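Each residue of the sequence shown is one higher than the one before, counting from 2 in this note's numbering.
Beneath this line is the structure, given in structure tokens, with notes to follow.
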Amino acid sequence: MSAAKDIADWATNELGFRKKATLVTMRGTEKLSESNIQPLLQGDLSSILAFLARHTVSKHTAQHARHRLTSYHSDSPYAYSDLRKQLNERTCTYMQSQQELDELALQNQNAVQAIESLAEEVKMAQLRIRERRTRVLVRQAMAVHLRRLVSCAEQLIGAEVGLRARAEGARRAIRALAEHALEQRRAMVASVISLLKELQDRHVRLWSEINEMKAKRISRHLNAQAAPNSAPRDFR
Numbered sequence: 002m003s004a005a006k007d008i009a010d011w012a013t014n015e016l017g018f019r020k021k022a023t024l025v026t027m028r029g030t031e032k033l034s035e036s037n038i039q040p041l042l043q044g045d046l047s048s049i050l051a052f053l054a055r056h057t058v059s060k061h062t063a064q065h066a067r068h069r070l071t072s073y074h075s076d077s078p079y080a081y082s083d084l085r086k087q088l089n090e091r092t093c094t095y096m097q098s099q100q101e102l103d104e105l106a107l108q109n110q111n112a113v114q115a116i117e118s119l120a121e122e123v124k125m126a127q128l129r130i131r132e133r134r135t136r137v138l139v140r141q142a143m144a145v146h147l148r149r150l151v152s153c154a155e156q157l158i159g160a161e162v163g164l165r166a167r168a169e170g171a172r173r174a175i176r177a178l179a180e181h182a183l184e185q186r187r188a189m190v191a192s193v194i195s196l197l198k199e200l201q202d203r204h205v206r207l208w209s210e211i212n213e214m215k216a217k218r219i220s221r222h223l224n225a226q227a228a229p230n231s232a233p234r235d236f237r
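Put into structure tokens, the structure is as follows:
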């Protein structure tokens, strides 16, 4: 059975040709069947239309065949399958891209929160450092004031000793008073020196505590930055 017979029968049944219609070919007038028409339609559409145009008698019949073949090709399950496959692939790609964008947005949000938390901690640490600096400055000012008081007291004692030394009739009293004043001065100087040493020790301890707090804050910040980068990513 020739291909011309297949096309003629299919045109009779599917394209609305008259049942007794025939096509004129080089072999003569032939009647065709539909049995092998599907493999022909899976080929190139232009070659099918050219084949029909060469083997049909009427121009109107050729135009009608072109229209029906175009409609059939547009409704082909193979074309629909390809479109469906492309749609699935693009949908999968879109979902993967959306998942990556969501992960990036979450990472950015976590980074912003970590930065804000670190900034708040740094602000609080700076506030505490300022308070401690203020206390140290106040104590230093008190120490300076005490030194001035001691100096004034020494000057007063010296003046008093000098005045009493000038008195001829009270040398013994002047000596006793001078010794007593010297003892008081030594005791006062010793107390001032002890207070200064205590203030110096407290100042050293405060600075060591501040340095330890800075080191802890920096270590905590570095660990917080390293934790999100070490987490594995899943792009499925």
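Glycine included, each C-beta is placed from N, C-alpha and C at the ideal position.
Only a predicted model underlies this, so the values are computations on that prediction, with no experimental measurement involved.
Just the C-alpha distance for A228 and L88, rounded to the nearest angstrom, thanks. 38 Å
Roughly how many angstroms lie between the CA atoms of R85 and Q97, to the nearest whole one? 18 Å
Closest to H204 by C-alpha separation, out of G159, R140, L102, would be which residue? It is R140.
Given a cut-off of 9 Å, decide if I116 and I211 are closer than it, judged by their beta-carbon atoms. No; because the gap between Cβ atoms is not below 9 Å, this pair is not in contact.
What separation, rounded to the nearest whole angstrom, lies between the Cα atoms of N109 and T92? C-alpha separation (whole angstroms): 25 Å.
Have a look at L102 and E213 and give me their C-alpha separation to the nearest angstrom. 40 Å
With three or more C-beta pairs closer than 8 Å as the rule, is the stretch 152-162 touching the stretch 119-138? no
Distance, D83 Cα to T26 Cα: Confidence in T26 is poor, its pLDDT being 47 and thus under 50, which makes the residue's placement too unreliable to answer from.
Rounded to a whole number of angstroms, what is the C-alpha to C-alpha distance between L196 and A182? 21 Å
Nearest residue (CA-CA) to M125, options R186, L223, R218: The candidate whose alpha carbon is nearest that of M125 is R218.
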